[in-house]
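Asks:
Number of protein chains: 2
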Amino acid sequence: MAMAWPTDFPGLGTGAARLAQRIEAMSGGRIRIRVFGAGELVPAYEVFDAVSRGTVDIGHSAAYYWRSKLPEAQWFGAVPFGMSVHEVNAWLYHGGGLELWQETYQPHNIVPFPAGNTGVQMGGFFKNEINSLEDFRGLRMRIPGLGGEVFRRIGGSPANLPGGELFTALQTGAIDAVEWVGPYNDLAFGLHRAARFYYYPGWQEPAASLEALINAEAWASLPDDLKAIVRAATEVTNQDMLCEYMARNPAALKRLIEEHNIQVRPFPEPVLEALHQAADEVVAELAANSELSGRIHRSYREFQQLLAPYMEISEDAYAKVRKSLSA
Amino acid sequence: MAMAWPTDFPGLGTGAARLAQRIEAMSGGRIRIRVFGAGELVPAYEVFDAVSRGTVDIGHSAAYYWRSKLPEAQWFGAVPFGMSVHEVNAWLYHGGGLELWQETYQPHNIVPFPAGNTGVQMGGFFKNEINSLEDFRGLRMRIPGLGGEVFRRIGGSPANLPGGELFTALQTGAIDAVEWVGPYNDLAFGLHRAARFYYYPGWQEPAASLEALINAEAWASLPDDLKAIVRAATEVTNQDMLCEYMARNPAALKRLIEEHNIQVRPFPEPVLEALHQAADEVVAELAANSELSGRIHRSYREFQQLLAPYMEISEDAYAKVRKSLSA
């Protein structure tokens, strides 16, 4: 298994390592998986190709990394102002999303499964305060995928750097801001030692799905019981990694605020409005990219629209009521 | 496997049936499970005892059903005004919750695992409008567990009836209101044909966890690979059932409103305030019930309190921003 992150990286790396352990344990050792971190076997951004060619049997990565070779993959990584993690998992497992994902990767000889989620991310660490849209003009920020393109449309200068380079780039001033993941990961990278302002919400990745990529021939060679085991292991990992983030982010946030004096701020409304408008354009352009992309977009949008009135009276209403009562 | 619901019951029954199928598929048939609905082998409310005695090897049920024999079980079913499903899963899998659950059931010869969640439920179907706290006085409502006790404290008259009896009881006027699950299940039971007002949010069950109960000797007899398979199957089921509810509730809600002219209403604020206050009392009394109960309560409360500031700037902030931007 080749990963797009270091093996000991909290959440992404540790979660993927547990995926491998689960498959071994459930198969009684009939499948053994050697886990390689980013760069150990192949670089982070070549995991897709390595699985496609069969250099490795399995990969763990994020779909938006394949943007340049496979634009449609972006629907399955993170969509700016798109579905939350409850919604996107329901779409993937019970709304036709996973079937579309597998159709998208099929010509590349890869069988994908959702295998982890960070939940909504943070908006990022910024060296300077953001008070208006003007403060985004010319800002150099590490922000990949569709989010990066949206950021570019409102005047920013997006960059995509692998995780390992973020701290130095931010500290030296090569970039002004970084959106990486959330408190659990950002604290581990020490981003707070290079920037003081921590913005929310993570409009760019409201539910970042991670993926297990399986080489199609390796998959076809498995008997039915091992197929069931591998699939189940990805599903367990999908839930477990989210739970790890939910359980570890709060304490990391507390430390960032109390020990490191980080200023946590909401993005100003006019900034969010401009980002939202630009996101609509970017998403519409992606949908127009191909017949398949249009089909995925319709499925995604219709599901999100169907869910909206229900979320409003269920999870969202409960969160609101509980907050107002405990105030 | 004995279930506390009919085998074909949407979500609860169909989800539990898939749990059995997953174990069979992953084990290559080394474990075969015969699935019995409520009343087929043992009545719904005797599943716990049947697993405890070893009459069946596995059960699928909800922890709050065991309230009278094991008050501590209630922490693992649903806690009024307690944690949401994101929060409770993080507590169970990464916050020590599952270990406490297993400690609680251990003297009863049962190994429990979370195995499904409905997400936040609806507040219930009511024959008449609720405009003030007065309208709750003397109201006869099907509402089990801690929620029922809270309802009693504010003047209501709670009843616990198995699912199969709800429609008739509501239609004949034996009861005035029913909280069962949410749109997907409530529509299937036809509750809308007996009552017109549908209230939210489901303060009584903000995240109802379902459980797989495994007889301790049956569990101990499994080799490690089958233990790993059974555990993973419960974890997959835990996520999958939630996704099924998230995917099916919205369309059911739409039908209730558009085809059946159901009136969807928020509970009035003074009613929620009174319920919240009564819930604090009921929860404190449960915590004082035993040393173990106090320990579970501290773990539950500390986890919820740690998560609150993070949820506010993450999932909840995103839901709020997205709603205001799309308005």
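For the record, the sequence lines run as chains A and B.
Oh and the first sequence: position 203 is 204 in this note's numbering, straight run, nothing missing.
Oh and the second sequence: position 2 is 3 in this note's numbering, straight run, nothing missing.
Backbone N, C-alpha and C fix where the C-beta goes; we use that ideal spot for every residue, glycine too.
1) Locate the alpha helix (DSSP H) running through A:Tyr-311, then write down its first and last residues.
2) Anything in chain B within Cβ reach of A:Phe-10, meaning under 8 angstroms, just list it in chain order.
3) Please list the partners that A:Gly-148 has in chain B, where partner means a Cβ-to-Cβ separation under 9 angstroms.
4) Is B:Ser-28 close to chain A, meaning its C-beta is less than 8 angstroms from at least one C-beta of that chain?
5) If A:Asp-177 sits next to A:Leu-140, beta carbons under 8 angstroms apart, how far is it from one beta carbon to the other, in whole angstroms?
6) What are the partner residues of B:Leu-214, as DSSP defines its beta bridges?
7) Report yes or no: do the region 202-215 of chain B and the region 231-246 of chain B share at least 3 C-beta pairs separated by less than 8 angstroms?
8) So B:His-277 contacts chain A; which residues on that side make the cut at Cβ distance below 9 angstroms?
9) How about B:Gln-172: is its C-beta nearer than 8 angstroms to some C-beta of chain A?
10) Excluding the five sequence neighbours on either side, which residues of its own chain have a C-beta within less than 7 angstroms of the C-beta of A:Ser-294, listed in chain order?
11) Going by C-alpha distance, which of B:Glu-47, B:Ala-79, B:Gly-183 and B:Tyr-301 is nearest B:Pro-145?
12) Taking only beta-carbon atoms, is B:Met-247 less than 8 angstroms away from chain A?
13) For a contact defined as C-beta to C-beta under 8 angstroms, what are the partners of B:Asn-186 on chain A?
14) Alpha carbon to alpha carbon, how far is B:Val-283 from B:Ala-91? Give it in angstroms, no decimals.
15) Looking at the strands, I want to know which residues DSSP matches up with B:Pro-267.
16) Please state the DSSP three-state secondary structure of A:Pro-251.
17) Tell me which residues of the region 110-137 of chain B have at least one Cβ-Cβ distance to chain A shorter than 9 angstroms, keeping chain order.
18) Specify the secondary structure class of A:Met-2 as computed by DSSP and reduced to three states.
19) Between which residues of its own chain and A:Phe-137 is the CB-CB distance below 6 angstroms, once the five residues before and five after are set aside?
20) Check the C-beta distance from B:Met-2 over to B:Phe-37 and give it rounded, since I have them as a contact under 8 angstroms.
21) At a CB-CB cut-off below 7 angstroms, which residues of chain D make contact with A:Ala-91?
22) Can you tell me where the alpha helix (DSSP H) with B:Gly-149 in it begins and where it stops?
23) If we cut at 8 angstroms on Cβ distances, does B:Arg-19 have a partner in chain A?
24) Determine, using beta carbons only, whether B:His-261 comes closer than 8 angstroms to chain A.
25) Identify each residue in the region 91-105 of chain B for which the Cβ-Cβ distance to at least one residue of chain A is less than 7 angstroms, and report them in chain order.
26) Measure the C-alpha to C-alpha separation of B:Tyr-62 and B:Glu-47 and round it to an integer number of angstroms.
27) Are A:Gly-117 and A:Leu-13 closer than 8 angstroms when you measure CB to CB?
28) Going by other Cβ atoms of all chains shown within 10 Å of its Cβ, with 16 needed for buried, is A:Asn-250 buried or exposed?
29) For B:Met-142, name the three-state secondary structure that DSSP assigns.
30) Ordered along the chain, which non-local residues of its own chain (more than five positions away) have a Cβ less than 7 angstroms from that of B:Pro-7?
31) Out of B:Ile-230, B:Ala-318, B:Arg-143 and B:Arg-153, which one is the CA nearest neighbour of B:Asn-161?
32) Sorted by chain position, which residues of the same chain lie with C-beta nearer than 6 angstroms to A:Ala-1's C-beta, five sequence neighbours on each side aside?
33) List the endpoints of the continuous alpha helix (DSSP H) containing A:Ser-158.
34) Which residue comes first and which comes last in the beta strand (DSSP E) that contains A:Phe-127?
35) Which residues of chain A have a Cβ atom closer than 9 angstroms to the Cβ of B:Leu-13, listed in chain order?
36) Using a Cβ-Cβ cut-off of 8 angstroms (strictly less than) and excluding sequence neighbours within five positions of B:Ala-51, which residues of its own chain qualify?
Replies: Concretely, from the data shown:
1) A:Tyr-311: member of the alpha helix (DSSP H) spanning 292-314, first to last residue.
2) Chain B residues near A:Phe-10: none, gap ~17 angstroms exceeds 8 angstroms.
3) Contacts between A:Gly-148 and chain B, judged by CB atoms closer than 9 angstroms, are missing: the closest CB pair is about 14 angstroms apart.
4) For B:Ser-28, the answer is yes, since a Cβ of chain A falls inside 8 angstroms of its Cβ.
5) That pair is a contact at about 5 angstroms.
6) Answer by DSSP bridge pairing, in chain order: B:Gly-60 and B:Pro-113.
7) Short answer: they touch.
8) The contacting residues are Val-322, Arg-323, Leu-326 and Ser-327.
9) Judged by the 8 angstroms Cβ criterion, B:Gln-172 is not in contact with chain A.
10) Hits under 7 angstroms: Pro-72, Glu-73, Leu-287 and Ala-288.
11) B:Pro-145 has its Cα closest to that of B:Ala-79, out of B:Glu-47, B:Ala-79, B:Gly-183 and B:Tyr-301.
12) The beta carbon of B:Met-247 sits closer than 8 angstroms to some beta carbon of chain A.
13) Neighbours of B:Asn-186 on chain A: none; closest Cβ ~13 angstroms, over 8 angstroms.
14) Distance between the alpha carbons of B:Ala-91 and B:Val-283: 24 angstroms.
15) Looking at the DSSP assignment, B:Pro-267 forms a beta bridge with B:Tyr-201.
16) Looking at A:Pro-251 - three-state DSSP - the assignment turns out to be helix.
17) Answer set for the region 110-137 of chain B: Gly-120, Val-121, Gln-122 and Met-123.
18) Here A:Met-2 sits in coil by DSSP.
19) Same-chain partners within the cutoff: Ile-155, Gly-156 and Gly-157.
20) Sure, about 7 angstroms apart at Cβ, within 8 angstroms.
21) Among the chains of the structure shown, chain D does not appear; the protein chains present are A and B.
22) Taken as a continuous stretch (DSSP letters only), the alpha helix (DSSP H) holding B:Gly-149 covers 146-154.
23) Not an interface residue.
24) No, B:His-261 lies away from the interface with chain A (no Cβ there is under 8 angstroms from its Cβ).
25) Listed in sequence order: Ala-91, Tyr-94, His-95 and Gly-96.
26) Checking the sequence shown, residue 62 of chain B turns out to be Ser, not Tyr. One C-alpha to the other measures close to 10 angstroms.
27) A contact, by the Cβ cut-off of 8 angstroms.
28) Burial is judged here by how many other beta carbons sit within 10 angstroms of a residue's own beta carbon; A:Asn-250 has at least 16 and is buried.
29) Looking at B:Met-142 - three-state DSSP - the assignment turns out to be strand.
30) Setting aside the 5 residues that flank it on each side, B:Pro-7 is surrounded in the same chain by Gly-14, Gly-38 and Ala-39, each with a C-beta closer than 7 angstroms to its C-beta; the list follows chain order.
31) Its Cα nearest to that of B:Asn-161, the residue B:Arg-143 stands out among B:Ile-230, B:Ala-318, B:Arg-143 and B:Arg-153.
32) This structure cannot settle anything about residue 1 of chain A, because the visible part of chain A is limited to 2 through 328.
33) In this chain, A:Ser-158 is not harboured by any alpha helix (DSSP H); it is covered by the beta strand (DSSP E) spanning 158-160.
34) Run containing A:Phe-127: 125-127, per the beta strand (DSSP E) assignment.
35) Those within 9 angstroms of B:Leu-13 in chain A number zero; the least Cβ separation is about 15 angstroms.
36) Within the same chain, Cβ atoms closer than 8 angstroms to the Cβ of B:Ala-51 are found at Ala-3, Leu-42, Val-43, Val-57 and Gly-60, the five residues on either side in sequence being excluded.
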